[in-house]
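*Asks:* FYI, the numbering for the sequence shown is 1101 to 1371, going by the numbering used here. Glycine residues also receive a C-beta, built at the ideal position from the N, C-alpha and C atoms.
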Amino acid sequence: MSVHSEVKRVTTHTLQKMKDRGEKISMLTAYDYSFTKIFDEAGIDILLIGDSASNVIAGHETTLPITLDQMIFLASSVVRGAQRCFVICDLPFGTYQGNSKEALNSSIRIMKESGAHAVKLEGGAEVCESIARIVSAGIPVMGHLGLTPQSIYQFGTYSVRAKEEEEAELLIRNAHAVQDAGAFALVLEKIPATLGKRVAEELKIPVIGIGAGMHVDGQVLVMHDMLGITKDFSPRFLRRYLNLYDDIKKAAGQYISDIKSKDFPNEQEQY
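#1: Using the Cβ count rule (16 or more neighbours within 10 Å means buried), how would you classify Lys-1117?
#2: Under a Cβ-count criterion, where at least 16 other Cβ atoms within 10 Å of its own Cβ denotes burial, should Thr-1257 be classed as buried or exposed?
#3: Distance check for Lys-1350 and Ile-1272, CA to CA, integer angstroms please.
#4: Measuring alpha carbon to alpha carbon, tell me which residue in Leu-1270, Leu-1321, Gly-1309, Ala-1218 is nearest His-1113.
#5: With the cut-off set at 9 Å, would you say Met-1326 and Tyr-1131 are in Cβ contact?
#6: According to DSSP, is Cys-1189 helix, strand or coil?
#7: Return the first residue and the last residue of the alpha helix (DSSP H) that Gln-1170 is part of.
#8: Starting from Met-1211, trace the alpha helix (DSSP H) both ways and give me its first and last residue.
#9: Comparing C-alpha positions only, which one of Gly-1150, Gly-1143, Gly-1181, Leu-1148 sits nearest to Phe-1135?
#10: Tell me whether the beta-carbon of Ile-1146 lies closer than 9 Å to the beta-carbon of Phe-1173.
#11: With Thr-1294 as the anchor, note down where its alpha helix (DSSP H) starts and where it stops.
#12: In three-state DSSP terms, what is Thr-1129?
#13: How far does the alpha helix (DSSP H) with Glu-1267 in it reach, from first residue to last?
#14: Could you check the C-alpha separation between Arg-1377 and Tyr-1371 for me, to the nearest Å?
#15: Please classify Asn-1366 as buried or exposed, where buried requires at least 16 other C-beta atoms within 10 Å of its C-beta.
#16: Decide if Asp-1317 is buried, meaning its Cβ has at least 16 other Cβ atoms within 10 Å, or exposed.
#17: I need the straight-line Cα distance from Ser-1176 to Leu-1270, nearest angstrom please.
#18: Label Pro-1192 either buried or exposed according to how many other C-beta atoms from any shown protein chain fall within 10 Å of its C-beta, with 16 as the threshold for buried.
#19: With the cut-off set at 9 Å, would you say Ala-1312 and Glu-1289 are in Cβ contact?
#20: Look up Gln-1197 in the DSSP assignment and say whether it is helix, strand or coil.
#21: Below 6 Å CB to CB, which residues in the same chain sit around Pro-1249 once its five sequence neighbours on both sides are set aside?
#22: Give every residue of the same chain whose Cβ lies closer than 8 Å to the Cβ of Gly-1296, excluding the five residues on either side of it in the sequence, and list them in chain order.
#23: Which residues in the same chain have their Cβ closer than 7 Å to the Cβ of Arg-1377, if we skip the five residues on either side of it in sequence?
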């Protein structure tokens, strides 16, 4: 009888222990089964089905158009590929704002229909009632402060948030409020590194940064940006680990050329 090594699933408890001992947390977005398999085998700690799918999958200008049904479809695909990592699904715009009962119902749908392990939502004090209500149902919630893309029309720009003292102090108050409401972790997006450090030091829960400096508890990037599939998006915080746009384009061009020249398929590639 063969003995299979047991894969130990990352949980909220695992993530908290990582923060407590100073081990950095790795997080990426994912939207399908195939990439999830690769990232999971590589050892990623968290995969987020981000509402960034609205941009990188569907081609929308903002994250606002993507629906709950679409997020559930993507999340269920990711869950099927994840053996070890912790899987979080974004609550899309319009499924939780201003109504904690709707927020809970949306979260329950995500958990039941996709099998995701947690949900993420944007906002501070104004969403704390929703956070508490979702958590009371046994569903882990990750918060998101700083640049919150679902509020882009309110901000009017994707520039760095909380550079001024007044907004920085508000962010800190909101971070504590989100933690007190029961969130297990918090994403900070596009804020000064000194502020990211302060929030991570003050909060007991893990703080994951995207453009929030090196002193937070972990980092997240959008997979299409990290792999160099996107070309037009180049914020300071982004490090491209590959240049797949050019590599894939070159491969596709070679495939087309081989067909046109009757080189593909050759005799060894037919029955």
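*Replies:* This is what the structure holds:
#1: Residue numbering aside, residue 1117 sits at position 17 when the sequence shown is read from its first letter. When all chains shown are included, Lys-1117 counts as exposed.
#2: What you label residue 1257 is simply residue 157 of the sequence shown in a count that begins at 1. A residue is called buried when at least 16 other Cβ atoms come within 10 angstroms of its Cβ; Thr-1257 does not meet this threshold and is exposed.
#3: The sequence position of residue 1272 within the sequence shown is 172, counting from 1. The sequence position of residue 1350 within the sequence shown is 250, counting from 1. Each residue's alpha carbon lies about 47 Å from the other.
#4: Taking the first residue of the sequence shown as position 1, residue 1113 is located at position 13. It is Ala-1218 whose Cα lies nearest to the Cα of His-1113.
#5: Walking along the sequence shown from the start, residue 1326 turns up at place 226. Walking along the sequence shown from the start, residue 1131 turns up at place 31. The answer is no: Cβ separation not under 9 Å.
#6: Residue mapping note: residue 1189 aligns to position 89 of the sequence shown, counting from 1. Here DSSP, grouped into helix, strand and coil, assigns Cys-1189 to strand.
#7: Along the sequence shown, read from residue 1 onward, the residue named residue 1170 stands at position 70. In the DSSP assignment, Gln-1170 falls within the alpha helix (DSSP H) that extends over 1168-1181.
#8: Start at 1 with the first residue of the sequence shown, and residue 1211 comes out as number 111. Here the alpha helix (DSSP H) through Met-1211 covers 1200-1214.
#9: Mapped onto the sequence shown, residue 1135 falls at position 35. When only C-alpha atoms are compared, the closest one is Gly-1181.
#10: What you label residue 1146 is simply residue 46 of the sequence shown in a count that begins at 1. What you label residue 1173 is simply residue 73 of the sequence shown in a count that begins at 1. Going by C-beta atoms, Ile-1146 is not nearer than 9 Å to Phe-1173.
#11: Position 194 of the sequence shown, counting from 1, holds the residue named residue 1294. From DSSP, the alpha helix (DSSP H) with Thr-1294 extends over 1293-1302.
#12: As a working mapping, residue 1129 is identified with position 29 in the sequence shown. Assignment of Thr-1129 by DSSP, reduced to helix, strand and coil, places it in the strand class.
#13: As a position in the sequence shown, residue 1267 is number 167, starting the count at 1. Element bounds for Glu-1267: 1265-1281.
#14: Because the chain here runs from 1101 to 1371, residue 1377 falls outside it and cannot be looked at.
#15: Numbered from 1 along the sequence shown, position 266 holds the residue referred to as residue 1366. With fewer than 16 Cβ atoms within 10 Å of its Cβ, Asn-1366 is classed as exposed.
#16: Walking along the sequence shown from the start, residue 1317 turns up at place 217. Its Cβ being crowded by 16 or more others within 10 Å, Asp-1317 is buried.
#17: The residue given as residue 1176 occupies position 76 in the sequence shown. The residue given as residue 1270 occupies position 170 in the sequence shown. The C-alpha of Leu-1270 is placed about 36 Å away from the C-alpha of Ser-1176.
#18: Taking the first residue of the sequence shown as 1, we reach residue 1192 at position 92. When all chains shown are included, Pro-1192 counts as buried.
#19: Taking the first residue of the sequence shown as position 1, residue 1312 is located at position 212. Taking the first residue of the sequence shown as position 1, residue 1289 is located at position 189. For Ala-1312 and Glu-1289, yes; Cβs fall inside 9 Å.
#20: Translated into positions along the sequence shown, residue 1197 becomes position 97. Looking at Gln-1197 - three-state DSSP - the assignment turns out to be coil, as it is neither helix nor strand.
#21: Taking the sequence shown and counting its residues from 1, the one referred to as residue 1249 is at position 149. If the five residues before and after Pro-1249 are omitted, its C-beta is found closer than 6 Å to the C-beta atoms of Thr-1163, all from its own chain and listed in chain order.
#22: Along the sequence shown, one-based indexing puts residue 1296 at 196. Same-chain partners within the cutoff: Leu-1288, Val-1307, Gly-1309, Ala-1312, Gly-1313, His-1315, Val-1316.
#23: This structure leaves residue 1377 out entirely; the chain is present only between 1101 and 1371.
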